[in-house]
Every structure is written in structure tokens, then in C-alpha cells.
Amino acid sequence: MQFNIIFAMRKLIVILSIVVFLFSCSTTGKVKDLTFYKNGKTEYHIIISEKATDNEIFAAKHLQQAIYKISGAKIPIVNHCRTTHNKEIHIGNTENYNSKKSNKNKTFAVGNGFTVLHKGNSLYFNGKDDVQTMYAVIDFTEKYLKVRHYAKDCSYYPVDSALCLKNFNSYSYSPINTYRNVNSMFVRKDNTLKRLLKLNTTDDMFANGYFVHTILKFVPPQDFFDSHPEYFALINDQRNRRQVCWTNEDVYQLVKENLSEAMITQPDKKVWSVSQEDNDIVCRCSRCQYLIDKHKSDAAPIIYFVNRLAKEFPDKTISTLAYRFSRKCPENISLENNVQIMLCSIECDRNKTIEEQGNVSGTFAYDLTQWGKVTKNIFLWDYECDFDYYLSPFPNLHTLQPNIQFFVKNNAFQHFQQANCDAGHEFSELKNYLIATLLWNPDINFDSTVTEFCENYYGKAGRYIKKYIDDIERIAIENKDLISLDIYGSPVKLKDNLLTKENLDKWMQWFDTAQSAVKQDSIYLIRVKTALLSLQYAVMEIAKTDMYGSDGWFEMTDGKWSVKKDMAQMLEDFHSVTTQIGMSDINEKGLTPEEYYLSTKRMLDADLSANAAFHKKVSADIMPSDLYSDGRLRTLTDGVKGSDDYKLLWLGWWGEDFVLNLDLEQSVKNKTVTISSLNKPASWILHPLSVECETSTDNKNWTSAGKLNADGNNRNNPVIKEFTFKPEGNFRYIRFKIEGTKTLPAWHHCYKEKSWVFLDEIIVK
373 MQFNIIFAMR KLIVILSIVV FLFSCSTTGK VKDLTFYKNG KTEYHIIISE
423 KATDNEIFAA KHLQQAIYKI SGAKIPIVNH CRTTHNKEIH IGNTENYNSK
473 KSNKNKTFAV GNGFTVLHKG NSLYFNGKDD VQTMYAVIDF TEKYLKVRHY
523 AKDCSYYPVD SALCLKNFNS YSYSPINTYR NVNSMFVRKD NTLKRLLKLN
573 TTDDMFANGY FVHTILKFVP PQDFFDSHPE YFALINDQRN RRQVCWTNED
623 VYQLVKENLS EAMITQPDKK VWSVSQEDND IVCRCSRCQY LIDKHKSDAA
673 PIIYFVNRLA KEFPDKTIST LAYRFSRKCP ENISLENNVQ IMLCSIECDR
723 NKTIEEQGNV SGTFAYDLTQ WGKVTKNIFL WDYECDFDYY LSPFPNLHTL
773 QPNIQFFVKN NAFQHFQQAN CDAGHEFSEL KNYLIATLLW NPDINFDSTV
823 TEFCENYYGK AGRYIKKYID DIERIAIENK DLISLDIYGS PVKLKDNLLT
873 KENLDKWMQW FDTAQSAVKQ DSIYLIRVKT ALLSLQYAVM EIAKTDMYGS
923 DGWFEMTDGK WSVKKDMAQM LEDFHSVTTQ IGMSDINEKG LTPEEYYLST
973 KRMLDADLSA NAAFHKKVSA DIMPSDLYSD GRLRTLTDGV KGSDDYKLLW
1023 LGWWGEDFVL NLDLEQSVKN KTVTISSLNK PASWILHPLS VECETSTDNK
1073 NWTSAGKLNA DGNNRNNPVI KEFTFKPEGN FRYIRFKIEG TKTLPAWHHC
1123 YKEKSWVFLD EIIVK
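Using our numbering, the first residue of the sequence shown is number 373, and each one after it goes up by one.
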């Protein structure tokens, strides 16, 4: 409660100071117009200091360009002028401005922000630092010149041949959010866009290599686990190398020493992460458990640990995670002022606002409010996309503004928003722009901002794109009890509510109209086609769940199964657009569009008439997990080859060897036998060590058709590997003996944990 009162008082003081300042400015005389361009000429000069920083130079050029593109007037930039002009625009503390006796040592920044001062015929941009001065210029061009920067390749400048701001009053702004990171490739690749959207990247705050999940960087298990297992988490009387024991004194001393040495190499960096690894392993030794019980949170031992470190390094900030098991704020515990809580909302449903999901014990909203009572140093890590299916329709726009407003209300002023990351991901440009705009000002008119983006980014097609956005958002909102947006959810999960055939057909027709509206403009057309990728992806993924059904990929023609022409064309169009825009990946695991295209083509490569294994019965001595394809063994002979997606059309066995048996129901001869496996190390899936194939005519006497070995290291293996055998003579029965890797190899970050073997289609032809 006391922090909320302090925060409210702080806001009141800032507001009053702005009011007093602006009143004093407005009473110095009649407010004049700002006429940048008139009668084909300009009387203004943009003034920067002889010692202007890169940010101040950028701001000057940005203002010059904005005015030029709007009016045609190119205002000169002067960086060494001692002559006073009648009309000047000052960027930062310039020599001209400071030379005036009345302005000596005077700055106009308010709080952590900036002021844009209109005095006489001149304009002054001044911020708390050069970054805020740059933001002052960018904010001014947006607010008063109506300039917009939607994406790297899309800016908007309204044409005005007589550029004049009537009765322009000075103003100040101090953004409530002090750190604004929309984690996308757009900003990481383009520093200009980063500046124009007033965003940060991790390098702006964190030491290089010390952003998150860092504890094993300080206590490497490969160096210490064998000699000092007590340094690591105790689970069921067994030590686990994937997390440390936070109450072990030697661990603390080791971290302190290694952290101190690391700080010497990056002396200018203030924020250092000392945080848990990305798993749910909690040390249950007696010391850790005592603190957990005392403070009623698994985070308690970690907080004790980082509090001690924070005292050791008072001029630095120690960042730690409140994530998964450590999300709950410990009771009756205080935080050092230089401890940053990196609070993560990974469990939340993205079709509901944070508050809608409840504010009672156990909810994220409750945990945020509790952390907000004990600290104002909250780094809010939020998730705004589907990490396993970047392209999948994900209508969460309606949650963006209320969530950010709720975060701010509870003292979270530092934001790391994980939105769609790159070109081709579902509405990635729109969502990056919206979130950046909201972080700068949480109280924007949201719907008009979306409308404005669509009109300017998609041209004449914008109205149809906005119509689609409104419709899919409406359906999601009206069916919140049925539709959950999971950040790892397949579009297949939404096929019976949001992504029904009726809805998909309707939206595809709207996109046809949108393309027709801009067919003469290649720039707008490729943007519409890029937005369409999301629906195409959903249609293709859903069709994979019933390949031979009415909405699947195949149709019966003249007694034979063949790929539907419209679906085949959709795949080719999809591949063409993803190639044209240079799309980098389909999901967080790094699946490329090219790999997706080839793996989908592989699924369609089905000559069912020649495949003797089609729809034949398979048995196993150890049944596969029912987590994947419901553990149905018929998946191995359903005539569909698995693609890159292990969640679809694959069967998985965890940490074990097993045997598969297939009955072809009749004897065959001179047939090739193939079975395939999957390699997805990030998901703990590795090719088997070996596959042996045996054949029989009577299911009693077996003949080996060979044994094929895979690279047991699995580090650089292909995603899909085919094991092909050529049995001799007649056979009816086939037996596969699968030797799994069983555990993850030494190079894997989860070394010695159990590994998976995933198999797909058996083909005999």
C-alpha cells in the first residue's frame, strides 16, 4: 500500500511541476505560431552543439527529414554557429542557447523525460539525457507533425505545403515505463527503427551474456558436479545438475567471486542476472526447505541469495527471475533496493486479460500485486505470441492495452515483451508497433491506432485487413470460455471453435478481396500476402490431422488418392511468399520455411497403391507415449509421413529400447522396407542409436535384413532420417528392434536426462 501511495505522490509532484512550468512559459507573452515553411522558404535553422552526441545528431536529421518530407522545406543543420538567428530549433544544450545570459545552466527536462519549449520564435528540445532529447524530437514529430514509423519499410508523412503549428504550447513528458523492449528481429536488426519506436534492447540494460538463466554460468556442472554434488539441487535424495542449491555457502562464494571477475570485464554495465535455470527443479535440502516453508514460496532461497549479493555490489543491480516455481512472492521478506525481480507471465491464457484470469492466490495477477507491494524494481517479462507456431492466428490484441495498464498500476515499469519476432509471423509488424506505442503511452486510443496502421500499411486493402482483425478478435472475445490462446498451442486445437472451416473460408474470401484491391501495387500486395500466410498456415496444419478427409490434403480421383490441386497451390504460394520476404523461421526452435516446405512435401509423397503396409496392423512390446498422436500405433501405417512437427503424426518412446511388429496380411517379395525417425534436440528428441529389421513368413522364424546405425551424438544430424532395408526372399511379418539413445549427450544442456525416440511411417513398396 505504501508504495502505491508514494508512486501516486510522485506522479502528482511531476504533474504539478509541469503545470507550473508551462504556466510560467505561457505567461511570458502571447503564444506564437510555429511556421516552419511559407512562401517556398524557411527562416529556421536547426542548432546542435559542437559536441553533439550521435543521438542528438540523429534527432536533428530526423526532424529535418520530417519537415522536408511534409512540406518540401529543408531546414539547415548548424553545429558550430555562434550567430544568433531569429528562428532557431535547438537540439539539446547548444552553445547558442547557453550563451544567452538568461538561459545560463538552465535545463527544462522534467523527471526522467523531456521538455519541448516554445520561447519567442524558437523551439528547444531538452531531455534528462541525450536519449530523452532524441525522444523529445521523435515524440514531437509524431504528436504535432503526425509522422508515423510503422515498420522498417513503412513510414507516413502527411503532406502540408504550409507547415504551421497554430498556438503551439510548450509541453513536457516523462514516460511512465523506463525500459521498453519489444523483443523482435525488427529492432535487433535495425537501430534506426529501435530509436524511432523509442525502444530498448537487452544490451541497453544487461551485461553481455548475463541476461537470464545464468546460475550455471557461475557454477558449471561440468566442472563441479562430480567433485561437489552438494553444490546442486537435492531432489528425492538425488543431486540434480540442472539447478543449484541456493543455500550452500560454497555456491554463494563461488558466484560472488565469478560475478566480481565478470564485472571487471564490463565495468560500464549496471544490471547483472543471477537467476535460476529454465526448469522446475527446486532444491529440497533441509536448509532450502526451511526457507521455503518459512516464507511460503519456492522463491525464498533465491531471494536470500540475491539479497546477499546485492549488498556485496551496492553500485550494481542484481536481477533474478520470478518464473514458474519462483513466481510467488515470499511472505514477510524484504528486498534490497538494487534487486530486480524479473517477473514472468508464461502460464497465462492470452485470450483473457491478466485481471480477467483472477486476482486470488495462485494467479499471476495476485503474484504481481504482491511483488508490487515490496518493490518498484519489477522487470515484467510478458508473452504475446505462439512460440511453437509463430504464424498461427493468435487474436490477442484486445489484451495488450489492459495488461500493460495493469502492469504499470502495480509498479512494473520495465518491460520485456516477446511478440512475434520477424517478417511473416502473424501480424508481426502490427503487434510490434502497437506494443511499442503502448509502452510509450499506455492510454492511447487503441482502436484508432490499429485502424490507422492498417490504412497506411496495407493501403486500399487496409479496410479488409481491419475487418478480418475485428472479426477474429470478436469471436475470440465472445468465446473466452472455449477459446484459450496457449503460447505453445497448435492451430489444430482451435479447429472446432475459432478456426472452423466456415470461419477460415470466410476470411480467405476477404483476403482475396484485399489482394484485388492492391493488385496494381507490389508493395501493398506483398504485405497483404504476408498477412495471409497466417490463414494459409492454419488451413494446411489442420488439413494434416485428417489427410484423407473432406478437409484434408488428398482426394479420390479415378480410384486413386491424389493431392488436391488447391492445397498443392496453397503450399507453393506459401513457399513463394516466405522466400520473397526472407522469413527466417516458423517457430522458436528455428524451423525454417524451406524445411517446413520440404517436410510438408514429404508428407504428400504417398503412393498408397504400392505401399503394402498401408493400414496394416502394428503391435509393440512397449507402447508409445499417449502424449503424441494419442499413442495410436496405426499412426505408423496411416499413409502419411510425419513432417518437422513432432506433435503431429509421430509416435514417441522415452528413454527405452523397444520392438515393433507389422503384419502385412499377405506374403510379399522384392519389397523395400523404410521407417523414419526425428531429430529435435531442443525438445530432447534424438535419432535412435540403431534400427535392426527382421522379416518372417510365419511370425516364428526370423531373418535379419540388416542393422543400421545412426550418429549417436545427434548434434548435426538431419531433422528426419530414413532407415531403409531390402529383405531377401518372401516375407509377411516385419520386426524392428529399436535401440534408443536413452539419455541426452554431454553437449546437451540437459545432459543425462532421458531422451525421446520418435518414429513415423512404415513403408513397404
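Just so you know, even glycine gets a beta-carbon here, dropped at the ideal spot from N, CA and C.
As the structure is a prediction and not an experimental result, all values here were calculated from the model.
Inter-residue Cα distance where the pair is residue i and residue j
i, j, result
"ALA320", "LEU537", "Because residue 320 is not part of the residues shown, which for the chain are 373 to 1137, the question remains open."
"SER398", "PHE486", "Any reading at SER398 needs caution, since the residue's pLDDT is 40, under 50, leaving its predicted position unreliable; the model's value is listed next. Distance between the alpha carbons of SER398 and PHE486: 18 angstroms."
"CYS793", "LEU435", "29 angstroms"
"ILE664", "GLU756", "31 angstroms"
"LEU631", "SER658", "27 angstroms"
"GLY962", "ASN1051", "13 angstroms"
"ASP818", "LYS459", "It is worth fixing the name first, because residue 818 is Phe in this sequence and not Asp. Cα to Cα, PHE818 sits roughly 37 angstroms from LYS459."
"GLU649", "TYR543", "45 angstroms"
"THR400", "LEU806", "A caution first: THR400 carries a pLDDT of 41, below 50, which makes its placement in the model unreliable, though a value can still be read off. Taking the straight line from one Cα to the other gives about 39 angstroms."
"GLN789", "THR414", "42 angstroms"
"TYR758", "ILE1057", "Per the sequence presented here, residue 758 reads as Asp, with Tyr not at that position. Roughly 21 angstroms separates the two Cα atoms."
"ALA978", "ALA940", "14 angstroms"
"LEU871", "SER669", "40 angstroms"
"ASP1083", "SER645", "37 angstroms"
"ASP687", "ASN813", "30 angstroms"
"PRO547", "ASN484", "7 angstroms"
"LYS566", "ASN451", "25 angstroms"
"LEU854", "THR929", "38 angstroms"
"GLY464", "GLU514", "19 angstroms"
"LEU970", "ASP1016", "9 angstroms"
For residue j and residue i, believed in contact at Cβ under 8 angstroms, the rounded distance
i, j, result
"TYR909", "LEU769", "With 8 angstroms as the limit, TYR909 and LEU769 do not qualify as a contact, their Cβ atoms being about 19 angstroms apart."
"LEU715", "ALA808", "LEU715 to ALA808, Cβ: 20 angstroms. No contact."
"ASN782", "LEU740", "5 angstroms"
"LEU1034", "LYS988", "6 angstroms"
"ASP405", "ASN539", "7 angstroms"
Beta-carbon proximity of residue i to residue j, cut-off 8 angstroms
i, j, result
"ALA984", "LEU1036", "yes"
"GLU1125", "THR1115", "yes"
"THR1138", "PHE1103", "Any question about residue 1138 goes unanswered here, given that the chain covers just 373 to 1137."
"ALA579", "LYS410", "no"
"LEU568", "ALA438", "no"
"GLY1112", "GLY1024", "no"
"VAL559", "THR550", "no"
"VAL911", "LEU876", "yes"
"THR692", "SER733", "no"
"HIS417", "PRO448", "yes"
"ILE1134", "LEU1008", "yes"
Three-state class that DSSP yields for residue i in the structure shown
i, result
"ASP1141", "The chain is shown only over 373 to 1137; residue 1141 falls outside these bounds and no answer can be derived."
"ASN1081", "strand"
"LEU1034", "strand"
"TRP743", "helix"
"HIS1120", "coil"
"ASN498", "strand"
"MET928", "strand"
"ASP893", "coil"
"GLN436", "helix"
"SER1001", "helix"
"CYS826", "helix"
"TYR545", "strand"
"VAL643", "strand"
"ASN553", "strand"
"MET714", "strand"
N- and C-terminal bounds of the alpha helix (DSSP H) containing residue i
i, result
"ARG611", "Run containing ARG611: none in the alpha helix (DSSP H); it sits in the beta strand (DSSP E), 610-616."
"PHE596", "593-596"
"ALA672", "672-684"
"GLU621", "621-637"
"MET836", "Checking the sequence shown, residue 836 turns out to be Tyr, not Met. 834-850 is the extent of the alpha helix (DSSP H) around TYR836."
"GLU520", "Per the sequence shown, the amino acid found at residue 520 is Arg instead of Glu. It is not in any alpha helix (DSSP H) - ARG520 instead sits in the beta strand (DSSP E) that spans 520-523."
Limits of the beta strand (DSSP E) - the one that residue i falls within
i, result
"MET577", "Taken as a continuous stretch (DSSP letters only), MET577 belongs to no beta strand (DSSP E), as it is neither H nor E."
"ALA694", "689-694"
"ASP754", "750-755"
"LYS1109", "1102-1111"
"ILE653", "It is not in any beta strand (DSSP E) - ILE653 carries neither H nor E in the DSSP assignment."
"LEU866", "Run containing LEU866: none; DSSP gives neither H nor E here."
"ILE1135", "1128-1136"
"GLN789", "784-790"
"THR1067", "1062-1068"
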